[in-house]
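Okay, so the sequence shown: first residue is 36 according to my numbering, each after it adds one.
Just so you know, even glycine gets a beta-carbon here, dropped at the ideal spot from N, CA and C.
Input: a single structure, listed below in structure tokens.
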Amino acid sequence: MKIIGHRGAAGLALENSRASLLAAIEQGVDAIEFDVRLTADDHLVVIHDKETSRVATDKQTVRKLTLAQLRQVSLSNGEKVMTLDEALDVIGTTPVIIELKDKGSVDDLLLVLERHPDANPSVASYQHDELRNVRRVMPHVPTYVLEHYAPIAIINSARHMHATGIGLNKWLMNPLTYWLAKRYHLEIYLYTVNGTALAHVLHWLYPDVSLCTNRPERFTKA
36 MKIIGHRGAA GLALENSRAS LLAAIEQGVD AIEFDVRLTA DDHLVVIHDK ETSRVATDKQ
96 TVRKLTLAQL RQVSLSNGEK VMTLDEALDV IGTTPVIIEL KDKGSVDDLL LVLERHPDAN
156 PSVASYQHDE LRNVRRVMPH VPTYVLEHYA PIAIINSARH MHATGIGLNK WLMNPLTYWL
216 AKRYHLEIYL YTVNGTALAH VLHWLYPDVS LCTNRPERFT KA
């Protein structure tokens, strides 16, 4: 069972921050997942929400700010929002799942990844057109289809775009989805699993899934 640090290690440090990425690495995760959005001047930055209010001392809309303006916003742990370049510098060769939140991100993503030839990236998104573009311009990069509500339809989506696998909310996981994923050789990761009891049940029911967690220390040190 592979353990993926959710937004770094969001249960140990502020999500998607440098501290969170370092905490995930310290816990020995198999991979790190984090989110990226575009600024007004088309820089990819590591943040989940459209606005900064939940993780920062000021409420600003990421897409309306240039990178320089966003740098003026302090996160609640005193850090600044990282660029994708900076995040990849922090994690080095640790496998990473980059979740694209905005449409039109792929060209900028390609430029960043070209600057980090030693990175070990995969790309996930609820924006399926973005994943198709990733497959078109970076066919060697693994892709994961995300879906909010349709645990069966996600299999067809992944198959049609020749994705590597799917990412699914843990409560949507079911035997049919698991069987279809196995049949079509699709990998699965489930989010967000923080309790060890639930993790044991999921591993017993679906032994080949990976778990994305805010609390990697509960699994990697066991």
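* Asked: What is the residue span of the beta strand (DSSP E) that H238 lies within?
  -> For H238, no beta strand (DSSP E) run applies; the uninterrupted alpha helix (DSSP H) run containing it begins and ends at 231–240, by DSSP.
* Do three or more CB pairs link the segment 171–181 to the segment 197–209 at distances below 8 Å? -> The segment 171–181 makes contact with the segment 197–209; the number of CB pairs closer than 8 Å reaches 3 or more.
* Same chain, Cβ closer than 8 Å to A188, five either side skipped, listed in chain order -> Contacts found: E182.
* Asked: If you count every other CB in all the chains shown that lies within 10 Å of the CB of E222, and 16 or more means buried, which is it?
  -> Taking all protein chains in view, the Cβ of E222 is crowded by 16 or more other Cβ atoms within 10 Å, so the residue is classified as buried.
* Asked: Where does P174 fall in DSSP's three states?
  -> When DSSP states are grouped into helix, strand and coil, P174 belongs to the coil group.
* Going by Cα to Cα distance, which pick from S52, L57, L49, F69 is closest to C247? -> Of the candidates S52, L57, L49, F69, the one whose C-alpha sits nearest the C-alpha of C247 is F69.
* **Rounded Cβ spacing between D84 and D143 (contact assumed at less than 8 Å)** => Wrong, their Cβ atoms sit about 19 Å apart, outside the cutoff.
* Which residues DSSP lists as bridging P210, in chain order -> Secondary-structure assignment with DSSP links P210 through no beta bridge to anything.
* Should A257 be labelled buried (16 or more other beta-carbon atoms within 10 Å of its own) or exposed? -> Because the pLDDT at A257 is just 42, under 50, the model does not fix this residue reliably, and the value given afterwards should be weighed accordingly. Exposed is the call here.
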